[in-house]
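Participant: Numbering (our numbering), first residue to last: 1122 to 1418.
Here you go, one structure.
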């Protein structure tokens, strides 16, 4: 079943005529993704990798029945691009751009939520349901090697760590139902818990692995859901960044959101809270498989 995307997903690429949009489109087509349209204002009527280009998302949806979008858009155009996709009826919108200004980010998130769309990002490399579909650059030119199919859902603040976790799962005899790089910016389209809710309802997912880091309230929300029995499937957590506790508060490391504002933002506090709430804690990639085996039997 997977979450968010599957074999029936029809993808429109906003910014398909740019270098990154063109490159990722070619790799996605090679993977078998059903990319039905691209959008670049003023370039309607062209083709990129055999994909027709439209001037607007509304025209692309009308002409191709696209239902998911991936954005390769400069930072000053992200809010408008997300809003355009949401208003055109796109159900899943992936925004790859990083460091989106907070006022633009919150407006884009509001527009997506109002349209009942799932906005993934900002600062994400994509979502993949192995063997079914992927949107964004996730998996690079060899997704099968990085993301083997299986029954474990992955939600990661880091795109690179989603691949590392998936390879660790493979080494331990597990595979991935869907892997979501939810985005490393301070404001994201959806919270970590909201993705876990989808996995909780997915009959092809047996357990979930999350990758967290200092900053934001995502891990605390997951912990609260575990305590309230809103998540019943096993959750394994790998939380990085304890080294930050040796540095002054208010400094970002890596992702802009990876900042300790107060003690609750620290990796140590998040690990302690998740453990107390019933999550299995993995202190390394190699321990993820062992933690899953303890819970799944």
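All C-beta atoms, glycine included, are put in the ideal place defined by N, C-alpha and C.
1. Mapping the DSSP letters down to three states, classify residue 1377 as helix, strand or coil.
2. Closer than 8 Å is the cut-off here; do at least three beta carbon pairs connect the segment 1168-1178 with the segment 1287-1295?
3. Could you tell me how far apart the beta carbons of residue 1280 and residue 1298 are, in whole angstroms, since I believe they sit closer than 8 Å?
4. Could you give the C-beta distance for residue 1361 and residue 1401, rounded to a whole number, given that I count them as a contact under 8 Å?
5. Whole angstroms are fine: how far does the CA of residue 1171 sit from the CA of residue 1370?
6. Can you round the beta-carbon distance between residue 1306 and residue 1219 to whole angstroms, since I take them to be within the 8 Å contact cut?
7. Tell me which residue opens and which closes the beta strand (DSSP E) that residue 1332 is part of.
8. Could you give the residue range of the alpha helix (DSSP H) that holds residue 1182?
9. For the pair the segment 1245-1253 and the segment 1220-1229, tell me if three or more CB-CB distances fall below 8 Å.
10. Output the distance between the C-alpha atoms of residue 1203 and residue 1211, rounded to the nearest integer angstrom.
11. If contact is defined by three or more beta carbon pairs under 8 Å, each pair taking one atom from either stretch, is the segment 1135-1146 in contact with the segment 1182-1201?
12. Return the chain-ordered list of same chain residues with a C-beta closer than 8 Å to the C-beta of residue 1390, the five sequence neighbours on each side being excluded.
13. Tell me whether residue 1364 is buried or exposed, calling it buried when 16 or more other Cβ atoms sit within 10 Å of its Cβ.
14. Using 8 Å as the cut-off, can you tell me whether the segment 1348-1355 makes contact with the segment 1370-1379, which would need three or more C-beta pairs spanning the two stretches below that distance?
15. Any chance the segment 1249-1263 sits against the segment 1140-1160, with 3 or more Cβ pairs inside 8 Å?
16. Among 1267, 1328 and 1374, whose alpha-carbon lies nearest the alpha-carbon of residue 1358?
17. Can you give the beta carbon distance from residue 1410 to residue 1293, rounded, assuming they're within the 8 Å contact cut?
Facilitator: Taking the coordinates as given:
1. Position 256 of the chain shown holds residue 1377. Correct three-state label for residue 1377: coil.
2. no
3. Position 159 of the chain shown holds residue 1280. Position 177 of the chain shown holds residue 1298. The C-beta distance from residue 1280 to residue 1298 rounds to 18 Å, too long to fall under 8 Å, and the pair is not in contact.
4. Here residue 1361 is taken as the residue at index 240 of the chain shown, counted from 1. Here residue 1401 is taken as the residue at index 280 of the chain shown, counted from 1. Contact doesn't hold; Cβ gap of about 16 Å is too wide.
5. As a first step, residue 1370 is located in the chain shown; it is residue number 249 there, counting from the start. As a first step, residue 1171 is located in the chain shown; it is residue number 50 there, counting from the start. So the alpha carbons of these two residues sit roughly 50 Å apart.
6. As a first step, residue 1306 is located in the chain shown; it is residue number 185 there, counting from the start. As a first step, residue 1219 is located in the chain shown; it is residue number 98 there, counting from the start. Correct: roughly 6 Å between the Cβ atoms.
7. On the chain shown, residue 1332 is found 211 positions in, with the first residue counted as 1. From DSSP, the beta strand (DSSP E) with residue 1332 extends over 1328-1333.
8. Taking the first residue of the chain shown as 1, we reach residue 1182 at position 61. Where residue 1182 is concerned, the enclosing alpha helix (DSSP H) stretches over 1178-1185.
9. no
10. One-based indexing of the chain shown puts residue 1203 at position 82. One-based indexing of the chain shown puts residue 1211 at position 90. Approximately 10 Å, taken between the alpha carbons.
11. yes
12. If you number the chain shown from 1, residue 1390 lands on position 269. Excluding residues within five positions, the ones whose Cβ falls inside 8 Å are 1384.
13. By one-based count along the chain shown, residue 1364 stands at place 243. The residue is exposed, with fewer than 16 neighbouring Cβ atoms inside 10 Å.
14. no
15. yes
16. For the purposes of this step, residue 1358 is taken as residue 237 along the chain shown, with counting starting at 1. Taking only the C-alpha atoms, the option nearest residue 1358 is 1328.
17. Locating residue 1410 in the chain shown gives position 289, counting from the first residue. Locating residue 1293 in the chain shown gives position 172, counting from the first residue. Between residue 1410 and residue 1293 the beta-carbon gap is near 2 Å, inside 8 Å, which marks them as a contact.
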